[in-house]
Every structure is written in structure tokens, then in C-alpha cells.
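Trainee: Structure in C-alpha cells, see below.
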Amino acid sequence: MLTGIVPNVVKNIFHEKFVIKDAASLATCYIISSSNEAQISDLIDANVVNGLCHFFKLTETEDRYVIAVLEGLRKILKKAEKRVNEVYESLDECDGIKVLERLKYRRNKSIGDQSEEILQILEKVMPKEDQVKSEL
């Protein structure tokens, strides 16, 4: 269970002021990078995927934000393999899968590669009709 400042940081990803969303999202990505499996699981319970997705859609055209969020999502998926289905559902509900699909075709190769890697991990739990859309 998350205690201390982390739940407030995650909550602030949804703040109305962009500067607060920005700081909270980037801080959350840094927290994710040094978290273990149990801590990542707690972050998932704290709605971190939905928060990152919210910020992701807001900043989709800005590489520096996209790279941070992609790295955070990738680490969540790798460290919480048992919860990939929940992560997929959260991303699907907030249209994050659509954003990942668009990002596959970005000029920035790193963004395209990371998006593709995340989608490949998610394909394991993706319904068949979504897999067909992903391949188009």
C-alpha cells in the first residue's frame, strides 16, 4: 500500500494546471524507474496507468513527455507481468492504445520502437479484434 507523498504525486497528474500535471507525471515516471514489483503493483492500484494515459494524450506531440511516459509504461509492464491485463484494460479505457498505435509511426525512432515494444507486450492479453486493428 502506498503511503507518504507518492499517492499525492499520482493524484496531481489529474490537476487542472499543466505545470502541476507536468511535474507530477515526470516525478511519477522517476518513481516507477526505481520501484520494485510490489511498489509497481501499489502504483497500479493508485491509478497510475490512467494518470499517465491522461498526461500522455495531453502531450502526445511533445517528444520529451512521450519518451518519459513510454519508459514509465514499459517499466510497469516489465515489473508487473502478472498485472498486464489490468494495465491493458486501463490503457484501453482511456484510449491509450490508440495513442500507442499512432506513436508507432513517429519520426523519432526511439518513440516508435518503444511504442511497438509496449504494444507487443499488450498483445498477449489483447482481445483478438483489437489485435487485428493493431496490425493494420
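Quick note: the sequence shown uses this note's numbering, first residue 1, plus one each step. All residues carry an ideal CB built from backbone N, CA and C; glycine is no exception.
Between the C-alpha atoms of Ile121 and Val19, what's the straight-line distance to the nearest angstrom?
Mentor: As a position in the sequence shown, residue 121 is number 121, starting the count at 1. As a position in the sequence shown, residue 19 is number 19, starting the count at 1. Approximately 31 Å between the Cα atoms of the pair.
Trainee: If you measure between the beta carbons of Pro26 and Ala68, is that distance less than 7 Å?
Mentor: The count along the sequence shown starts at 1 and reaches residue 26 at position 26. The count along the sequence shown starts at 1 and reaches residue 68 at position 68. In the sequence on display, residue 26 carries Leu and not Pro. Yes, they are a contact pair.
Trainee: Assess contact between the segment 24-42 and the segment 85-104, defined as three or more Cβ pairs (one per stretch) separated by less than 8 Å. Is contact present?
Mentor: no
Trainee: Of the residues Lys17, Gly51, Gly4 and Ser33, which one's Cα is nearest the Cα of Val10?
Mentor: Counting from one through the sequence shown, the residue named residue 10 turns up at place 10. When only C-alpha atoms are compared, the closest one is Gly51.
Trainee: By alpha-carbon positions, which one of Ala46, Tyr65 and Asn47 ends up nearest to Gly55?
Mentor: Taking the first residue of the sequence shown as 1, we reach residue 55 at position 55. Note on residue identity: the sequence assigns Phe, not Gly, to residue 55. Among Ala46, Tyr65 and Asn47, the Cα nearest to that of Phe55 belongs to Tyr65.
Trainee: With a threshold of 16 other CB atoms inside 10 Å of the CB of Ile5, please say whether the residue is buried or exposed.
Mentor: On the sequence shown, residue 5 is found 5 positions in, with the first residue counted as 1. So Ile5 ends up on the exposed side.
Trainee: How would you call Thr28, buried or exposed, if buried means at least 16 neighbouring beta carbons within 10 angstroms?
Mentor: Taking the sequence shown and counting its residues from 1, the one referred to as residue 28 is at position 28. Classification of Thr28: buried, given that the 10 Å Cβ count is 16 or more.
Trainee: If you measure between the beta carbons of Leu73 and Ile118, is that distance less than 7 Å?
Mentor: Taking the first residue of the sequence shown as 1, we reach residue 73 at position 73. Taking the first residue of the sequence shown as 1, we reach residue 118 at position 118. Their beta carbons are under 7 Å apart, which means Leu73 touches Ile118 by this criterion.
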